[in-house]
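> Residue numbers (the UniProt record's numbering): 1 to 254. Glycine is no exception: its CB is placed at the ideal position from the N, C-alpha and C atoms. Take this structure, written in structure tokens, and hold onto it; I'll ask about it next.
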């Protein structure tokens, strides 16, 4: 699963109450425009699809997660290419966000994955990447030396970005070295990734339409195997098909 780095940006969210019953959001009634309050587990859900009780996968969540789910999708907007590029260039990647309704789907998705496979990691390795759990040792002596040491797939749960932006994730068997002092890539690791992006993407797609970033260790959703993100603006989809070896977002099957 290209994964998720899944937690939405929480910047600017105010504290709400501490339980499913108390945590509410104000919405407008579809017909009479009367303000009403809803528990977080009903927000962004059509009235005819409301469950009678809070779904199990939404119980006992961290308060910050409840705050995100309590927000209406209408309060968010998609990042334009210029905005996404600015966040990457300024290393403010923590400000990428997802729509609350998509985050809710992701929580349901991961709950089902854990129930079926035991963990998200096992699912990613076996189903999305086609690697065996005992096959995570890199073949090459250096990063990006051997093609079997990495795989490029769609991000199944992309950020709220313009629909003409393709969001891919590059999973690697080799380490992408972080600097413990900064929680970010070392200069050497950054050069190695950028050189590979140049060969793989910018040689086929205009450089101004390619950006990449790696989540800081504190933002990563899966720590056991490395990954970084690549975004492409209005790419030739035949080129994307070639680069991803015909990958299809798993979300289409969910």
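In chain order, what are the residue ranges of uninterrupted alpha helix (DSSP H) at least 4 long that sit wholly in the segment 177–231?
Fully enclosed alpha helix (DSSP H) runs of 4 or longer: 187–197.
> Could you check what DSSP says for residue 124 in three-state terms: helix, strand or coil?
Correct three-state label for residue 124: helix.
> Any idea what DSSP makes of residue 71, helix, strand or coil?
In this structure, residue 71 counts as coil in the three-state DSSP scheme.
> I'd like the span of the alpha helix (DSSP H) that includes residue 106, first residue to last.
Residues 100–117.
> For residue 211, count the other beta carbons within 10 Å of its own beta carbon; 16 or more makes it buried, fewer makes it exposed. Which is it?
That one is buried.
> For the candidate residues 111, 83, 234, 153, whose alpha-carbon lies nearest to that of residue 128?
Answer by Cα proximity: 153.
> For a quick check, are the C-beta atoms of residue 255 and residue 213 less than 8 angstroms apart?
The chain is shown from 1 up to 254; residue 255 falls before or after that span and cannot be answered.
> When burial is assigned at 16 or more other CB atoms within 10 Å of the CB, is residue 157 buried or exposed?
So residue 157 ends up on the buried side.
> For the beta strand (DSSP E) that contains residue 170, what are its first and last residues?
Where residue 170 is concerned, the enclosing beta strand (DSSP E) stretches over 165–172.
> Check whether the segment 226–245 and the segment 163–181 are in contact - that is, three or more C-beta pairs closer than 8 angstroms.
Yes, since at least three Cβ pairs between the segment 226–245 and the segment 163–181 fall closer than 8 angstroms, the two stretches touch.
> Work out the CA separation of residue 113 and residue 201 for me, nearest whole Å.
So the alpha carbons of these two residues sit roughly 31 angstroms apart.
> Please work out which residues of its chain come closer than 8 angstroms, Cβ to Cβ, to residue 146, disregarding the five sequence neighbours upstream and downstream, and give them in chain order.
Here the set comprises 138, 139, 140.
> By the three-class DSSP mapping on this structure, what secondary structure does residue 39 have?
It is a strand residue.
> Taking the C-alpha atoms as reference points, what is the distance between residue 162 and residue 233?
Roughly 9 angstroms between the two C-alpha positions.
> Would DSSP call residue 159 helix, strand or coil?
Coil at residue 159, not helix or strand.
> Give me the Cβ distance between residue 76 and residue 160, rounded to the nearest whole Å; I'm assuming they're in contact under 8 angstroms.
About 6 angstroms separates the two Cβ atoms, so the contact holds.
> According to DSSP, is residue 87 helix, strand or coil?
Of the three classes helix, strand and coil, the one that applies to residue 87 here is helix, per DSSP.
> Give every residue of the same chain whose Cβ lies closer than 7 angstroms to the Cβ of residue 247, excluding the five residues on either side of it in the sequence, and list them in chain order.
Correct list, in chain order: 153, 154.
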